[in-house]
Amino acid sequence: MGKVIQGKIFVVDDNIDTDQIIPAEYLTLVPSKPDEYEKLGSYALIGLPDRYGKFIAAGEMKTQYPIIIAGENFGCGSSREHAPIALGASG
């Protein structure tokens, strides 16, 4: 029998690029510093269009969505290590 994964999901379309995952203005945060790592997580997916809603609720540091379902080409665009780190730090 397969493993069942449960939790709220956040769904995005195809071609979500790294600038939508974590905009360039937040790249000055240093993930190796615990307080900045937490801040980085609070900005995860903040560059998405408004139609998606908020991945991180206003005033929160962590997401309520443990699962992201993304279309093709998620994470495309410029290579920036902050993108997967922000997603991990978001909860």
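In my numbering, the protein residues as written are 114 to 204. We put the CB at the ideal spot given by N, CA and C, even for glycine. Only a predicted model underlies this, so the values are computations on that prediction, with no experimental measurement involved.
Those residues which DSSP pairs with residue i across a bridge
i      : result
Phe168 : DSSP, once it has assigned bridges, lists no residue as partnering Phe168.
Val124 : Ile182
Per-residue DSSP class, three states only, for residue i
i      : result
Ile118 : coil
Ile198 : helix
The alpha helix (DSSP H) enclosing residue i, as first and last residue numbers
i      : result
Leu134 : In the sequence under discussion, the amino acid at residue 134 is Ile, which differs from the Leu named in the question. Note, Ile134: alpha helix (DSSP H), 131 to 134.
Ser155 : 147 to 155
Classification of residue i by the beta-carbon crowding that lies within 10 angstroms, buried from 16 upward
i      : result
Ser191 : exposed
Gln133 : buried
Gly184 : exposed
Ala170 : exposed
Ile198 : buried
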